[in-house]
Amino acid sequence: MGELGFEPADEGEAQNPLNAGSLSLQSGEEGQMKRFKFVYKETIANIITESEEFYKIAIMAILEARSEIERYSMLNPEFLISLEPIECRAEGIVKRMCDAAKIAGVGPMASVAGAIAEYAVEKMVEAGARLAIVDNGGDIAIKTDRKIRVGIYPTKLAFLIPPGERLAVCTSSGKIGPSISFGFADCATVVAKDACIADAFATALGNLIKDDSNIGKIVEDFYEKYKKFLIGVLVVKEDSIAFAGKLPRLEIAKISEELISKL
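Residue 12 is where the sequence shown starts when you use the numbering used here, and the numbers rise one by one after that.
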């Protein structure tokens, strides 16, 4: 576990900025890489991949996942509003969300953005994509064949993610964004192998950060309790940072708000 003061970013801006949500994604290498934005109802997704073919596969997967969630919610309205785990008689993406909620101790909709992003990346990889990144409102599922930087908004930090990784970076904030958080963190970020899991745990971690919290102790205890499911966790609150686990390398980055997923 680590804890440190927050130093200001350098004035230099990273090269080749790509779009993302409450996290800013930036390429660390040259190469064929296309960025697409997809907006449908509540979904604001940025998709980074090699070709339009894989982008279309991601769209179909997002729509399929949304349809499955919407059908289940019509018959089970508690699924949409519960802030605690519930029993779900379902398969597929709904079951994934309910399972993640049960592990993290949150409502199933706490993982919806991550679950959809994860499903889309799975379908892209199955179709042969070597670069498949889906940022669904700041909850990001990643399969990368090149070095990338994922900036953590609204901070001035970024993860440097090496080639060959398959992981997820999800963030909850008590200060920005439409999602429900009962905490006051600038960001509570979770890195895990699965974006559905990471999204649920980011919400759970964010809920713990109060005005007078000892964030170092909270982060250390949280990671120790849930490290079976997580790669690492990071919390930024005002001028303090705490982290635990095997996070990707952290760097200072200048993140433009133009890179953020929002309408």
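Glycine included, every Cβ here is placed at the ideal spot set by N, Cα and C.
Distance between Arg-157 and Asp-232 (C-alpha atoms, nearest Å): Your numbering for residue 232 matches position 221 in the sequence shown. Your numbering for residue 157 matches position 146 in the sequence shown. Cα-Cα distance, rounded: 33 Å.
Would you kindly report the start and end of the unbroken beta strand (DSSP E) that includes Ile-163? Sequence index remark: in the sequence shown, residue 163 carries index 152 (1-based). Run containing Ile-163: 159-163, per the beta strand (DSSP E) assignment.
Assumed close pair Thr-54, Met-135 - CB separation to whole angstroms, cut-off 8 Å: Residue numbering aside, residue 54 sits at position 43 when the sequence shown is read from its first letter. Residue numbering aside, residue 135 sits at position 124 when the sequence shown is read from its first letter. The pair is not a contact, with the Cβ atoms about 16 Å apart (cut-off 8 Å).
C-alpha distance - Glu-143 paired with Asn-87, whole-angstrom precision: Taking the first residue of the sequence shown as 1, we reach residue 143 at position 132. Taking the first residue of the sequence shown as 1, we reach residue 87 at position 76. First, the amino acid is wrong: residue 143 is Ala here, not Glu. Distance between the alpha carbons of Ala-143 and Asn-87: 32 Å.
For Ala-264, count neighbouring C-beta atoms within 10 Å of its own C-beta (all shown protein chains included) and say buried if the count is 16 or more, exposed if not. For the purposes of this step, residue 264 is taken as the residue at position 253 of the sequence shown. Buried is the call here.
Sort Lys-228, Val-145, Leu-258 by Cα distance to Val-50 and report the nearest one. Counted from its first residue, the sequence shown places residue 50 at position 39. Taking only the C-alpha atoms, the option nearest Val-50 is Val-145.
Using DSSP bridges, identify the partner residues of Arg-46. Within the sequence shown, residue 46 is the residue found at index 35, counting from 1. Bridge partners of Arg-46: Ile-59.
Touch check for the stretch 79-86 and the stretch 98-106: three-plus C-beta pairs under 8 Å? yes
N-terminal and C-terminal residue of the beta strand (DSSP E) that Arg-177 is part of: Within the sequence shown, numbered from 1, the residue matching residue 177 stands at position 166. Per DSSP, Arg-177 belongs to the beta strand (DSSP E) from 177-183.
For Val-117, does the three-state DSSP call read helix, strand or coil? Within the sequence shown, numbered from 1, the residue matching residue 117 stands at position 106. If DSSP states are grouped into helix, strand and coil, Val-117 belongs with coil.
From the DSSP output, in three-state form, read off Thr-155 for me. Here residue 155 refers to the residue found at position 144 of the sequence shown. Three-state result, Thr-155: coil.
The alpha helix (DSSP H) spanning Phe-90 covers which residue range? For the purposes of this step, residue 90 is taken as residue 79 along the sequence shown, with counting starting at 1. Start and end: 89-92.
Note down the Cα distance separating Ile-163 from Cys-198, rounded to an integer number of angstroms. Here the question's residue 163 lines up with position 152 in the sequence shown. Here the question's residue 198 lines up with position 187 in the sequence shown. So the two alpha carbons sit approximately 8 Å from each other.
Name the one or two DSSP bridge partners that Asn-147 has. One-based indexing of the sequence shown puts residue 147 at position 136. Paired residue(s): Ala-56, Asp-150.
Classification of Asn-57 by the beta-carbon crowding that lies within 10 angstroms, buried from 16 upward: Here residue 57 refers to the residue found at position 46 of the sequence shown. Answer is buried; the Cβ neighbour count reaches 16.
From the DSSP output, in three-state form, read off Thr-200 for me. The count along the sequence shown starts at 1 and reaches residue 200 at position 189. Strand, per DSSP.
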